[in-house]
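Protein chains in written order, with the working numbering: chain W, 371 to 621; chain S, 153 to 589.
Just so it is clear, CB atoms sit at the ideal spot from N, CA and C, and this is done for glycine as well.
Single-structure report; data block below.
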Amino acid sequence: MLEIKNLHVNVEGKEILKGIDLSIKTGEVHAIMGPNGSGKSTLAQVLAGRSEYQVTKGEVIFDGKNLLKLSPEDRAREGIFLAFQYPVEIPGVSNVNLLKTAINEIRKYNGEEELDAMEFMAHLKKKMKLVEMDQSLLSRSVNDGFSGGEKKKNEILQMAVLEPRLAILDETDSGLDIDALRIVANGVNKLKSPERSTIVVTHYQRLLNYIVPDFVHVLYNGRIVKSGTKELALELEAKGYDWLKEQKEFA
Amino acid sequence: MSSPLDIKNWYIKSFESFESSLNGESSMPFHLVRKEAIEKFSQLSFPTTHDEDWRFTNIAPLLKYNFEPSSKVNAAFHQIKNYIFEISKKNVLVFINGYFSHELSKIERSKDGIILDSLSNQLENGSQVVNRHLGKYAKHSEQIFTALSTAFTRDGAFVYVPDNKIIEEPIQILFITSTGGKNILSQPRNLYVTGKNAQVSIVERYLSLDEGIYFTNVVTEIYAGENSTIDHIKLQEENLNAFHISRTEVDQEKGSSFNSYSFSFGGEIARHDINTRFNDEGGESSLNGLFLLTGNQLYDTHSLIDHAKPNCTSHEKYKGILDDTSHGVFNGKVIVRRDAQKTNAFQENKNIILSNGALINTKPQLEIFADDVKCSHGATIGQLDADAMFYLKSRGIGEENAKSILIHAFASDVIRTIKIEEVKKYLEEVLVKRFNK
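Okay, here's the thing in structure tokens:
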């Protein structure tokens with residue numbers, strides 16, 4: 371589904387990603403771990419199409435298409451969803467309006483009929499149960515005045531409504547207490563399907579107790595330095611990132 | 153080409169024929185005021201960018217035309233019916249080229265002493281209320297456009313709500329211009345007066361039936377009696393070739409509440425001066441505005457709130473959205489006089505610039521002479537938030553739609569302040585159409 375080959379990315383003239391290779395098949399869950407500043411979030415943002423991140427080398431193929439040539443909106447319409455680490459507050463735009471506009475633009479792009487208000491509300495209500503989200507948040511402005519947990523739940527709700535083929539969760543666990551974490555993780559797990567792949571970007575192993583990955587990759591200094599199965603995450607948790615740094619220096 | 157001086161002489165000359173067209177009305181007391189005003193007009197000069205109040209607003213294009221004072225014309229109901237909101241069927245006053253149209257207006261027979269009428273009727277009948285208030289607040293001695301309005305005062309809307317009366321249905325007043333290919337000058341002169349504890353909501357619309365070049369010079373005087381409440385909604389939707397100069401002058405008595413909502417979309421050059429003065433304690437004033445500019449439009453809001461007495465509160469919120477090579481001006485003056493202790497005065501002006509060619513000049517001007525007051529002001533100029541744009545796009549929403557959503561969000565807190573649902577909905581549609589190219 372997703373093939374990243376030798377991806378190099380500059381941010382403000384500084385090279386952050388220095389040759390990433392990653393292959394994700396349909397239905398797989400991949401965790402990307404790494405210390406702060408290793409380039410995890412850059413990778414997530416670049417896949418979503420953030421223009422401040424400049425790709426200098428390499429390619430990203432999504433379902434046979436050159437992803438890097440697509441605008442952010444077309445990537446979303448092709449089925450990529452980024453759950454933001456810091457969801458943006460947009461006063462004056464209601465959650466419902468955002469979701470309805472988004473889903474219908476995606477459907478139009480894919481040659482599907484747009485949902486009318488009734489169909490959309492029915493679809494939305496089904497998805498809200500998944501994230502145990504309070505109805506009152508729907509009519510409120512997007513993330514405006516939401517608590518940290520509400521913001522992250524809102525990201526997962528958007529993901530549930532838009533039903534992407536590749537979901538990228540950028541540090542979705544940061545700032546969450548254990549209850550919110552459980553709800554968010556449950557939401558993600560319920561959305562798991564053989565047609566949907568997930569990239570979980572996280573600093574801590576904690577989230578991976580709830581969202582069990584098929585593969586774990588460790589990003590360090592702009593490169594994937596180690597890949598393995600879920601046991602790698604536990605090993606990292608036990609030994610810390612320093613263990614990897616030492617290993618790398620030996621190598 | 154004419155010079156500003158030629159244009160001035162042109163208007164002075166026009167006064168003679170205007171005067172003779174008045175017939176019997178020229179023997180009424182107000183005619184002396186007209187004569188005084190044309191005298192004053194001849195002494196004043198049209199403002200240039202050297203005048204502080206017009207520094208950023210160059211009206212030279214307006215002074216290129218010999219606008220002819222309009223005469224009475226007719227329009228058919230089907231031409232104007234779409235401009236009437238559903239909210240009120242009874243209280244609709246229609247003016248064509250500044251003249252009251254009896255056929256197109258719908259006024260319920262006045263009862264309880266409430267008067268909705270054309271000013272011209274009231275002048276002819278020697279109305280006491282008109283004589284007491286007309287020309288008392290918008291002084292022609294200060295401003296050339298007010299002098300011009302006063303000299304040529306013929307017609308306009310008159311609303312009088314006596315003590316303890318409430319008009320529940322909003323009053324709609326349509327000022328429609330039909331040029332018929334002529335460069336006309338239309339000068340509605342409006343007067344709204346409320347008695348003690350009275351309440352009224354007035355919606356004014358300025359519209360064009362064609363794309364002709366014309367000039368609307370409107371002066372509206374509002375007197376808010378003790379504890380009365382007035383909502384004043386003004387929609388300036390003239391065609392993009394028109395010039396629109398307007399002044400709203402408000403005088404507020406004790407405990408009165410005046411709420412202004414001013415929306416400006418039209419005109420090549422448009423200016424709105426809105427001034428309110430607290431005559432006594434406990435008054436409240438809320439001035440809200442939104443302007444949308446595209447192409448080469450110029451729009452200027454000058455507001456002045458005169459806190460002459462203690463314990464009054466004013467809130468100002470003006471927002472602008474500017475595209476292409478348009479130019480916006482905001483000047484918000486607040487005077488808190490020495491005696492006006494416990495004044496609350498808050499002012500906010502926020503602008504969004506959508507293109508490199510657009511320009512806004514914004515200036516808060518606070519003059520505070522009392523010491524126990526709460527005053528604040530803030531002005532911002534920015535672009536659409538890049539993070540919010542990316543966020544919307546990352547959800548599959550395209551550039552144009554994302555832009556329109558954010559513009560809507562920016563404008564919505566001004567639109568939301570309007571209490572009439574239908575007007576609110578209409579303005580939201582205007583907003584969407586204007587920036588979805």
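Legend entry - L507/W to V531/W span [Cα, whole Å]: Each residue's alpha carbon lies about 15 Å from the other.
Legend entry - Under 7 Å by beta carbon: chain W residues contacting F542/S: R420 and P442
Inset, instruction - Please confirm if E475/W has its CB atom under 8 Å from at least one CB of chain S. - result: yes
Legend entry - Beta carbon of S567/W nearer than 8 Å to that of E373/W: no
Inset, instruction - Could you check if S155/S is buried or exposed, using at least 16 other CB atoms within 10 Å of its CB as the buried criterion? - result: exposed
Inset, instruction - With 8 Å as the threshold, decide whether the Cβ of G550/S is near any Cβ in chain W. - result: yes
Legend entry - Exposure label - A212/S; buried when at least 16 CB within 10 Å: In the assembly as shown, A212/S is an exposed residue. Its beta-carbon has fewer than 16 other beta-carbons within 10 Å.
Legend entry - Cβ separation of A299/S and L196/S, assumed to be a contact under 8 Å, to the nearest whole Å: 6 Å
Legend entry - chain S contact for E516/W (CB, 8 Å cutoff): At residue 516/W the sequence reads Phe, which differs from the Glu that was named. False, the Cβ-Cβ gap to chain S never drops below 8 Å.
Legend entry - Three-pair Cβ contact test at 8 Å for the region 211-225 of chain S versus the region 265-275 of chain S: Short answer: they don't touch.
Inset, instruction - Say whether chain S places a C-beta atom closer than 8 Å to the C-beta of F432/W. - result: no
Inset, instruction - Would you check if the distance between the CB atom of L245/S and the CB atom of S262/S is smaller than 8 Å? - result: No, the Cβ-Cβ distance between L245/S and S262/S is not below 8 Å.
Inset, instruction - Report the rounded CA-to-CA distance for L450/S versus I512/S, giving the unit in angstroms. - result: Spanning the two alpha carbons is a distance of roughly 10 Å.
Legend entry - Any chain S beta carbon closer than 8 Å to V463/W: yes
Inset, instruction - With 8 Å as the threshold, decide whether the Cβ of Q528/W is near any Cβ in chain S. - result: yes
Inset, instruction - Inspect the beta-carbon positions of S622/W and Y574/W and report whether they are closer than 8 Å. - result: Absent from the model: residue 622/W. The displayed extent of chain W is 371 to 621, so no value can be given.
Inset, instruction - Give the DSSP-derived three-state secondary structure of G198/S in the structure shown. - result: Reading off the sequence, residue 198/S comes out as Phe, not Gly. In the structure shown, F198/S sits in coil (DSSP, three-state: anything other than H, G, I, E or B).
Legend entry - Reduced DSSP secondary structure (H/G/I, E/B, other) of E607/W: If DSSP states are grouped into helix, strand and coil, E607/W belongs with the helices.
Inset, instruction - Out of A290/S, D362/S and I336/S, point me to the one whose CA is closest to T368/S's CA. - result: I336/S
Inset, instruction - Mark E482/W as exposed unless 16 or more other C-beta atoms lie within 10 angstroms of its C-beta, in which case mark it buried. - result: The residue is exposed, with fewer than 16 neighbouring Cβ atoms inside 10 Å.
Inset, instruction - Identify which residue in K485/S, N431/S and Y251/S has its Cα closest to the Cα of C464/S. - result: N431/S
Inset, instruction - Would you list the one or two residues that DSSP bridges to S464/W? - result: S511/W
Inset, instruction - Counting only runs of 4+ residues fully inside the region 425-508 of chain W, write out the alpha helix (DSSP H) ranges in chain order. - result: 442-448, 465-479 and 487-500
Legend entry - A537/W in three-state terms, based on DSSP: strand
Inset, instruction - Determine whether the Cβ of K502/S lies closer than 8 Å to any Cβ atom of chain W. - result: Closer than 8 Å: no.
Inset, instruction - Pick out whichever of I569/W, N579/W, M529/W and L527/W has its Cα sitting closest to the Cα of T396/W. - result: I569/W
Inset, instruction - Say whether chain W places a C-beta atom closer than 8 Å to the C-beta of K577/S. - result: no
Inset, instruction - Could you tell me whether the Cβ of I622/W comes closer than 8 Å to any Cβ of chain S? - result: Examination of residue 622/W is not possible in this model, given that chain W is present from 371 through 621 alone.
Legend entry - Within chain S, the residues that L452/W reaches when beta carbons sit closer than 7 Å: Within 7 Å Cβ-Cβ: S546.
Inset, instruction - Specify the secondary structure class of G265/S as computed by DSSP and reduced to three states. - result: coil
Inset, instruction - Kindly indicate if chain W contains any beta-carbon less than 8 Å away from that of F587/S. - result: no
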